[in-house]
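Contents: one structure, followed by commentary.
In this note's numbering, the protein residues as written are 48 to 152.
Next comes the structure, spelled out in structure tokens:
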């Protein structure tokens, strides 16, 4: 067993715990992100509004992926209840594999 396998085995339970906490407290986390974004936007007097909102949106999406990761593994890899879990597909190419983005709906 290599070093990477040892680290992966030790972090597995922590990853499950984080997913469970994100599922239980997702609303509170998103409210906190909104409040933090509002405060920063006010402090910068709206100068970076678009960047703040984009960062907040990315943070919320990441939190949703973490929260729904346990659900998608439990039901055989299907998307979570919202159906927004992004997937990575690989296609064969002459130089190996390349990632293609999930289809947009």
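Glycine included, every Cβ here is placed at the ideal spot set by N, Cα and C.
Buried/exposed call for residue i, threshold 16 Cβ in 10 Å
i	result
residue 115	buried
residue 109	exposed
residue 61	exposed
residue 56	exposed
residue 101	exposed
Beta-carbon proximity of residue i to residue j, cut-off 8 Å
i	j	result
residue 88	residue 76	no
residue 113	residue 54	no
residue 80	residue 106	yes
Three-state class that DSSP yields for residue i in the structure shown
i	result
residue 72	coil
Pick out the complete alpha helix (DSSP H) segments inside the segment 49 to 120, 4 residues or longer, and give them in chain order.
50 to 71, 73 to 90
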